[in-house]
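Student:
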Amino acid sequence: MEFKTLNNGVKIPMLGLGVFRINDPTECEEAVYQAIKAGYRFIDTATAYQNEAAVGRGIKRSGIDRKELFISTKLWITDTNYEGAKRGLNNSLRRLGLDYIDLYTIHQPYNDYYGAWRAMEELYEAGKIRALGVDNFRQDRLADFIEFNKIKPQVNLLETHPFYQRQAETDFLKSENILQIAWSPFAAGQFGIFTDQTLIKIAKNHGKSVGQVVLRWLMQRGIAAIPKTSHISRMKENLDIFDFELNNDEMNSIGELEQGKTVAGNRETAKEVREFFDAFSQLNTDE
1 MEFKTLNNGV
11 KIPMLGLGVF
21 RINDPTECEE
31 AVYQAIKAGY
41 RFIDTATAYQ
51 NEAAVGRGIK
61 RSGIDRKELF
71 ISTKLWITDT
81 NYEGAKRGLN
91 NSLRRLGLDY
101 IDLYTIHQPY
111 NDYYGAWRAM
121 EELYEAGKIR
131 ALGVDNFRQD
141 RLADFIEFNK
151 IKPQVNLLET
161 HPFYQRQAET
171 DFLKSENILQ
181 IAWSPFAAGQ
191 FGIFTDQTLI
201 KIAKNHGKSV
211 GQVVLRWLMQ
221 RGIAAIPKTS
231 HISRMKENLD
241 IFDFELNNDE
251 MNSIGELEQG
261 KTVAGNRETA
271 KEVREFFDAF
281 SQLNTDE
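Residue 1 is where the sequence shown starts when you use UniProt numbering, and the numbers rise one by one after that.
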């Protein structure tokens with residue numbers, strides 16, 4: 001495993017398990033348990049995924065010393081304000097069965113994220129959170145956020161894959177010493193990523209899979225990744241990426257795959273944002 005030291009001195013594994021859309025509680029618990037058993041130490045969940053309790057059961061079942069694990073979860077939009085952030089963290093800790101969170105992030109750049117950050121800074125200073133971050137913050141919002149807060153985010157989670165490479169975002173985050181974490185690194189299986197001939201050729205060169213090549217490409221760009229899977233064989237495959245390197249020609253070939261294609265959409269209009277809000281309007285963050 002490779003590690004990155006965040007801008008506050010905390011170490012984070014560069015590869016973790018994401019559990020987005022592992023909705024069945026039994027399946028999610030088993031996935032977390034098997035991942036830890038296979039060697040994963042970084043597990044990423046969120047209030048909005050509604051599987052924190054299952055993640056917590058998988059962690060407890062693993063029997064691994066808590067200090068060996070790096071657990072991240074996220075504050076949802078409806079709680080993104082000063083009081084909501086405190087309540088949201090306490091609810092997440094309760095569901096996960098933990099005393100502290102290694103990484104707590106603001107899931108979306110909506111609502112009162114400045115107020116939420118003030119509360120998160122207090123919780124960080126109280127030892128309830130080891131690292132703070134944001135998700136899906138573009139450069140303009142993040143630059144403003146950095147300027148007017150006491151504690152700079154340690155990470156920014158962004159959709160990042162060969163067809164949506166976000167090089168300008170990557171360059172900006174590196175200049176600020178903020179770690180980029182790629183969610184949906186396989187583009188949710190869309191855009192023919194697993195049948196792309198460039199990726200297949202590179203994979204054959206190394207005796208690896210397309211997925212392993214994509215993860216290695218991210219690592220060599222200094223980007224962490226949290227691929228989602230509940231299949232044990234795929235978990236082990238995703239971990240097996242630290243025994244090879246892509247050469248410059250291979251990195252450049254993958255760089256040429258950039259198409260600006262996004263799985264989640266850009267939500268650049270009021271209509272798109274409101275549709276996004278409506279899709280999650282029934283989410284109960286207090287259960």
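We treat Cβ as the ideally placed atom computed from N, Cα and C, and that holds for glycine.
#1: When the Cα of N149 is compared with those of L158, G133, Y164, which residue comes out closest?
#2: Taking only beta-carbon atoms, is I223 less than 8 Å away from chain B?
#3: So, using beta-carbon positions, are F42 and I64 closer together than 8 Å?
#4: What's the call for L283, buried or exposed, on a 16-neighbour Cβ count within 10 Å?
#5: Comparing alpha-carbon positions, which option in E121, Q108, I202, G115 lies nearest L158?
#6: Sort E68, P25, I59 by Cα distance to Y49 and report the nearest one.
#7: I'd like the list of long-range same chain contacts for F276, defined as Cβ closer than 7 Å, with 5 residues on each side in sequence excluded.
#8: From what residue to what residue does the alpha helix (DSSP H) around residue 301 run?
#9: Run through DSSP, which three-state label would Y40 get?
#10: Name, in chain order, the residues that DSSP records as bridge partners for P13.
#11: Report all residues from its chain with a CB closer than 7 Å to the CB of S184; omit the five preceding and five following residues, and keep chain order.
#12: Return the residue from the list K204, F3, Y164 that minimises the CA-CA distance to F191.
#13: With contact counted as at least three CB pairs below 8 Å, one residue from each stretch, are the region 202-218 and the region 245-254 in contact?
#14: Between E256, Y110, R221, T105, which has its C-alpha nearest A131's C-alpha?
#15: Which residue or residues does DSSP assign as beta-bridge partners of Q180?
#16: Determine, using beta carbons only, whether T80 and A46 come nearer to each other than 8 Å.
#17: Measuring alpha carbon to alpha carbon, tell me which residue in L218, P227, K261, G84 is nearest residue 314.
#18: For a test of the three-state rule: what should DSSP assign to residue 293, helix, strand or coil?
#19: On the premise that I232 lies in contact with A38, defined as a C-beta separation below 8 Å, what is that separation, rounded to the nearest angstrom?
#20: What number of angstroms, rounded off, separates the C-alpha of A225 from the C-alpha of M219?
#21: Give the DSSP-derived three-state secondary structure of A46 in the structure shown.
#22: What separation, rounded to the nearest whole angstrom, lies between the Cα atoms of S92 and K128?
#23: Quick check on V273: buried or exposed, where buried means 16 or more other Cβ atoms within 10 Å of its Cβ?
#24: Give me the DSSP bridge partner(s) of K74.
#25: Could you give the distance in angstroms between the alpha-carbon of T78 and the alpha-carbon of D144?
#26: Give me the residue from I22, E258, Y114 with the minimum Cα distance to D44.
Tutor: Concretely, from the data shown:
#1: G133
#2: Absent here is chain B; the protein component of the structure consists of one chain.
#3: no
#4: exposed
#5: Q108
#6: P25
#7: R267
#8: Coverage of the chain is limited to positions 1 through 287, which leaves residue 301 absent and any answer about it impossible.
#9: coil
#10: F3
#11: E159, H161, V263
#12: Y164
#13: yes
#14: T105
#15: N156
#16: no
#17: Residue coverage of the chain in this structure runs from 1 to 287, which leaves residue 314 outside it and unanswerable.
#18: Examination of residue 293 is not possible in this model, given that the chain is present from 1 through 287 alone.
#19: 7 Å
#20: 8 Å
#21: coil
#22: 11 Å
#23: exposed
#24: T105
#25: 22 Å
#26: I22
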